[in-house]
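*Asks:* Could you have a look at this structure, given as C-alpha cells, before my questions?
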Amino acid sequence: LVGVDGIPQDQLTEAILEESKSFTVNVRLAKKLPLPTENEESRPRIDLIVFLLDVRNQYSIEITKSSLAYVDVNFFLGKVCFLAVIDKSIKHQVVEMHAVKELADSYSSPLFFVELAVSTFGITSFVVVCGTLLCANCLENAWSLHLTVNPVKHFESS
C-alpha cells in the first residue's frame, strides 16, 4: 500500500488481514517509492501494489506520480491498481476526478473509488473485490469500480 498520510492505511491493512483466505498475506505500508534498500534480500515477493490517492490532498497525487517511476513496467500487467479515497463533499475535494482517472488510464491500471466518510465498510468491500480479482487473475481486466458506503452498509458498483 503506497500513500500519504490522511488515508487510513492501518484500517485498510486490518481489513485485508481479517478477510478470510486460504493463503498468506503480507502487507507493507509505504508513503512513497522506492522502498528502502535495507532488508531487501529478505523482503517477501510483491504481488500487488495499491496506490492510495486522497482527493482531498494534492500532494497525494504528486507522490503517486513520482512513485510510479520506480515500478517495473511488467507490474502494470495486472499487479498495480489505484484506490481513490473520495469525499461526497465537493468542498473538500482538491484533486479533480478526471485527473485521477487519467492517471490510472495512462498506466492501463484499474481504478477503485471508495468513500470512507461513514465507516470502514468501503475498505472491506474494496479488499473483497480486489482480492477476488487478483486471485482470479482478472485484475488487468478490471477498469473502474466505485464503491459507495452509506449508513445502511450497502455498496454499489458502477
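Counting from 575, one number per residue, gives the positions in the sequence shown under our numbering.
The beta-carbon is built from N, C-alpha and C at its ideal position, and this holds for glycine as well.
Do you know how far the Cα of H666 is from the Cα of L609?
*Replies:* Rounded to the nearest angstrom, the two C-alpha atoms are 30 Å apart.
*Asks:* Between K675, P684 and E636, which has its C-alpha nearest K653's C-alpha?
*Replies:* Of the candidates K675, P684 and E636, the one whose C-alpha sits nearest the C-alpha of K653 is P684.
*Asks:* In the DSSP assignment, what are the bridge partners of A604?
*Replies:* DSSP lists V576 as partners of A604.
*Asks:* The alpha helix (DSSP H) spanning E592 covers which residue range?
*Replies:* Run containing E592: Q583 to E592, per the alpha helix (DSSP H) assignment.
*Asks:* Verify whether the separation of the beta carbon atoms of G580 and D628 is less than 8 Å.
*Replies:* The answer is yes: Cβ separation under 8 Å.
*Asks:* Grab me the residues of I637's own chain with a C-beta within less than 6 Å of its C-beta, minus the 5 sequence neighbours each way, in chain order.
*Replies:* Closer than 6 Å at Cβ, skipping near neighbours: V578 and K606.
*Asks:* Per the DSSP calculation, E689 is bridged to which residue(s)?
*Replies:* Partner(s): I660.
*Asks:* Does the Cβ of V654 lie closer than 7 Å to at least one heavy atom of the ligand NAD?
*Replies:* For the structure depicted, the ligand NAD is absent and the ligand set is empty, with no information on it obtainable.
*Asks:* Going by DSSP, which residues form a beta bridge with L627?
*Replies:* For L627, which the question treats as bridged, DSSP gives the partners A658.
*Asks:* Since V624 contacts L677 with CB under 8 Å, what's their CB separation in whole angstroms?
*Replies:* Actually they do not touch by this definition, with Cβ atoms about 14 Å apart.
*Asks:* Could you give the first and the last residue of the continuous alpha helix (DSSP H) run that contains Q632?
*Replies:* Q632 -> alpha helix (DSSP H) spans Q632 to L642.
*Asks:* Can you give the beta carbon distance from V599 to L591, rounded, assuming they're within the 8 Å contact cut?
*Replies:* Indeed, because the Cβ distance is near 6 Å, the residues count as touching under 8 Å.
*Asks:* Distance, Cα to Cα, V659 vs E615?
*Replies:* One C-alpha to the other measures close to 33 Å.
*Asks:* Over the uninterrupted alpha helix (DSSP H) stretch that includes S680, give me the two end residues.
*Replies:* Segment M671 to S680, the alpha helix (DSSP H) holding S680.
*Asks:* Just the Cα atoms here: how many angstroms apart are A604 and I635?
*Replies:* So the alpha carbons of these two residues sit roughly 14 Å apart.
*Asks:* Which same chain residues end up closer than 8 Å to F650 when comparing Cβ atoms and leaving out the 5 residues on each side of it in sequence?
*Replies:* Excluding sequence neighbours, F650 sits near Y681, S682 and S683.
*Asks:* Roughly how many angstroms lie between the CA atoms of R602 and V674, to the nearest whole one?
*Replies:* Those two C-alpha atoms are separated by around 23 Å.
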